[in-house]
Ligand code: SAM
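In the working numbering, the protein residues as written are 2 to 267.
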């Protein structure tokens, strides 16, 4: 499993070059993209298109080959299997007793985390947020209580909507947008989601993006949800009270709603 650069061609490790040169075949998502990388590093190894939707025969052929010789897997950019193909190949290789070796290197999620200034002792990588509004909110809701920095992959056209959803749900959490990492126009902005949404509405972002959200703050962690719910229930319905306390604490709205109903009828 060979990591390749996420923009800057210089981020190819010496070991990755040696392994790709010595491999019998390089399985890759797109032979044109990988072809450019191989050319830049003077590597002449044969390529074979592969992704996890490939017919089982393609995977079988690669795995048969891997018993005899080195088969390398790369993705278009970064680390294979991280929001990229490879999971099925690795799983089946291991099931068949074929040794799988990591040749580590660039990974946008890790690069974004390392420059964001957000807590890095615990993080949860959650891949791409869903495209549809409802599914996006559901996923964010599900992650509300995770006491860790959240790391997402994002695209320019969807960034503003995601930031607005985050602003709605977690107005107080620190958010970072790491864009075009390792490239000429690399930048990382950290601010509350609402400010970032306004900035990117005025300056539509180009290029590739990692979106990070800091963990729920100490205020939220220290909050007594029952006390906050009781206060909110004095002049609001259980559903509105749950929404308000969810916003303030980052606690899951459904859990709070159930608690609000119980408190109201107690
Ligand atoms: N496997 C790759 C890795 O290890 O980073 C990620 C592949 S995923 C299909 C592509 C997404 O990664 C992009 O949409 C973007 O969110 C993120 N990404 C890749 N390169 C990036 C870069 N140079 N700067 C910021 N984000 C990047």
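Glycine residues also receive a C-beta, built at the ideal position from the N, C-alpha and C atoms.
From a predicted model like this one, the values you see are computed outputs, not experimental measurements.
Residue i versus residue j: straight-line alpha-carbon distance, rounded
i	j	result
residue 119	residue 52	33 Å
residue 180	residue 110	11 Å
residue 226	residue 257	8 Å
residue 239	residue 230	8 Å
residue 33	residue 84	20 Å
residue 214	residue 176	4 Å
residue 244	residue 253	9 Å
residue 43	residue 92	31 Å
residue 121	residue 141	19 Å
residue 36	residue 48	8 Å
C-beta contact flag for residue i and residue j at 8 Å
i	j	result
residue 206	residue 157	yes
residue 80	residue 4	yes
residue 56	residue 148	no
residue 198	residue 247	no
residue 87	residue 2	yes
residue 77	residue 31	yes
residue 218	residue 146	no
residue 132	residue 159	yes
residue 332	residue 234	In the structure displayed, the chain extends from 2 to 267; residue 332 sits before or after that span and is not available.
residue 124	residue 152	yes
residue 21	residue 112	no
residue 210	residue 155	yes
Assigned exposure category for residue i - 16 Cβ within 10 Å defines buried
i	result
residue 10	exposed
residue 26	buried
residue 261	buried
residue 8	buried
residue 259	exposed
residue 266	exposed
residue 185	exposed
residue 115	exposed
residue 242	buried
Cβ separation of residue i and residue j, assumed to be a contact under 8 Å, to the nearest whole Å
i	j	result
residue 45	residue 104	Going by Cβ atoms, the distance from residue 45 to residue 104 rounds to 18 Å, so no, they are not a contact pair.
residue 60	residue 29	Contact flag wrong, Cβ pair sits at about 14 Å.
residue 107	residue 6	5 Å
CA nearest to the CA of residue i, picked from the options
i	options	result
residue 249	259, 232, 264, 236	232
residue 39	186, 54, 75, 123	75
residue 166	117, 154, 139	139
residue 72	82, 99, 241, 58	99
residue 170	137, 187, 117	137
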